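Everything in the sequence shown is counted per our numbering, starting at 2 for the first residue and increasing by one. Ideal placement from N, C-alpha and C gives every residue a C-beta, glycine not left out. Because the structure is a prediction, the values reported are computed rather than measured.
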Amino acid sequence: EKRACSEVPVMSSTRASAGVLRVLRARLGGAASPCAVPEPRSGRDLARARFSRCASTSGAEFDAASRATGSGDGSETNASETDAATAPLYPGHVRLTLAQKALLAVTSGVGASLFPERADLVGAANETTAFFALRAARDRMRLDEAGRRILNDRPRITDLTLEQAHACAPGTLGKTWATFMNKRRFDPNDRPPVKFVDDEELAYVATRWRETHDMWHVLFECPTTVQGELALKALEFAQTRAPAPALAALVASARLTREDRRFLFDRLVPWARRAGARAADLVCLEYEKELDADLLELRMRWRIDVAPKQE
2 EKRACSEVPV MSSTRASAGV LRVLRARLGG AASPCAVPEP RSGRDLARAR FSRCASTSGA
62 EFDAASRATG SGDGSETNAS ETDAATAPLY PGHVRLTLAQ KALLAVTSGV GASLFPERAD
122 LVGAANETTA FFALRAARDR MRLDEAGRRI LNDRPRITDL TLEQAHACAP GTLGKTWATF
182 MNKRRFDPND RPPVKFVDDE ELAYVATRWR ETHDMWHVLF ECPTTVQGEL ALKALEFAQT
242 RAPAPALAAL VASARLTRED RRFLFDRLVP WARRAGARAA DLVCLEYEKE LDADLLELRM
302 RWRIDVAPKQ E
């Protein structure tokens with residue numbers, strides 16, 4: 002009896018559950034059929050499932066999915082950015098790594114110090130070592146009215162400028178400069194172009210230095226001998242603080258005789274220091290507009306002191 006009594010509630014609950022299910026099926030139209038409960042999975046099955054999910058998005062499938070979601074556009078953008086980073090900034094520009102630039106600075110610096118008359122070596126040494134000097138000169142030009150015009154108009158001293166100088170009257174800057182160039186058979190277009198400056202505006206400042214160098218010879222009456230070049234290099238250092246001219250003045254002096262070397266360091270270098278500090282900023286002068294100006298008056302206006310002469 003006790004066993005029969007204990008089985009009654011179980012049977013009753015089972016029948017009640019079945020009744021509830023029948024009511025739900027009737028109400029929902031059979032859509033609420035009970036879902037099967039998943040069987041428990043072993044640890045190996047779980048690990049296999051995780052691996053299969055990771056494998057489905059790795060390797061070639063992952064690359065294909067990435068390209069499908071637009072990673073191709075990113076690669077094209079990266080390629081264009083790489084091309085822009087390696088493209089020349091101006092005609093003739095050559096990009097160098099830091100190691101290549103350091104090597105070129107050493108080799109060209111030594112060559113320019115031994116042969117200061119070599120414009121290509123002097124130019125390469127200045128371009129690879131004068132970044133801060135060029136930037137300082139550019140900043141001074143921006144603060145100067147004439148310097149701003151030069152940066153904006155970008156004038157160039159070429160053979161056309163030399164032709165205009167030939168037509169100037171005797172005693173003018175233009176005529177004196179033209180005579181200086183003809184006597185030495187110099188051509189303004191023969192100067193090597195700037196190649197190693199990694200900034201377009203600074204490259205023009207370096208070009209301006211290079212193209213007006215012969216004007217400085219005329220203004221300061223420095224000859225084109227080794228001694229005269231070294232004296233002008235010392236003055237250039239006083240004006241610009243570029244390291245290459247100072248190095249050239251120190252090292253290349255070994256090529257001079259004892260008497261010429263003594264005159265260089267006793268007279269010319271002190272003169273260069275004073276004249277460079279007193280003169281107007283040479284990079285901010287509009288030489289092309291002053292070709293017809295009287296040379297003596299121009300020297301007074303620009304506070305130019307000519308170099309002392311060796312007796």
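Sheet register partners of residue i (DSSP bridge)
i, result
"residue 160", "Answer by DSSP bridge pairing: none, since residue 160 is not bridged."
"residue 173", "295"
Start and end residues, alpha helix (DSSP H) containing residue i
i, result
"residue 218", "214-221"
"residue 114", "99-115"
"residue 261", "259-264"
"residue 228", "227-241"
"residue 275", "270-279"
"residue 252", "244-252"
Cα-Cα separation, residue i to residue j
i, j, result
"residue 164", "residue 100", "43 Å"
"residue 293", "residue 186", "22 Å"
"residue 1", "residue 303", "The shown model of the chain, from 2 to 312, leaves out residue 1, and the question about it has no answer."
"residue 116", "residue 247", "14 Å"
"residue 244", "residue 311", "27 Å"
"residue 229", "residue 182", "16 Å"
"residue 268", "residue 232", "10 Å"
"residue 151", "residue 203", "13 Å"
"residue 242", "residue 188", "27 Å"
"residue 144", "residue 236", "22 Å"
"residue 238", "residue 125", "16 Å"
"residue 219", "residue 97", "35 Å"
"residue 306", "residue 280", "8 Å"
"residue 255", "residue 111", "13 Å"
"residue 309", "residue 154", "36 Å"
"residue 142", "residue 261", "36 Å"
"residue 288", "residue 133", "24 Å"
"residue 174", "residue 291", "7 Å"
"residue 208", "residue 161", "17 Å"
"residue 172", "residue 140", "33 Å"
"residue 275", "residue 102", "33 Å"
"residue 192", "residue 120", "7 Å"
"residue 104", "residue 283", "30 Å"
"residue 318", "residue 272", "With the chain running from 2 to 312 in the structure shown, residue 318 is simply not present."
"residue 240", "residue 285", "12 Å"
"residue 180", "residue 215", "11 Å"
Reference residue i; option with closest CA among the options
i, options, result
"residue 176", "182, 167, 285, 183", "167"
"residue 197", "279, 236, 122", "122"
"residue 136", "210, 190, 193", "210"
"residue 270", "258, 285, 250, 286", "250"
"residue 194", "179, 133, 93, 308", "93"
"residue 223", "299, 265, 146", "265"
"residue 128", "162, 276, 200", "200"
"residue 297", "282, 221, 240, 272", "221"
"residue 106", "300, 131, 120", "131"
"residue 300", "205, 104, 217, 91", "217"
"residue 91", "147, 205, 113", "205"
"residue 226", "287, 171, 253", "253"
"residue 114", "295, 257, 263", "257"
"residue 178", "278, 108, 275, 212", "212"
"residue 149", "158, 138, 259", "138"
Cβ of residue i within 8 Å of any chain D Cβ
i, result
"residue 292", "No chain D is present in this structure, which holds just one protein chain."
For the segment 118-151, list the alpha helix (DSSP H) runs that are entirely contained and at least 4 residues long, ordered along the chain.
Correct list: 120-130, 132-144.
Jot down the residue ranges of each uninterrupted alpha helix (DSSP H) in the segment 174-203, minimum 4 residues, whole runs only, in chain order.
Annotation: the segment 174-203 contains the following complete segments of the alpha helix (DSSP H) (minimum length 4 residues), in chain order: 174-184.
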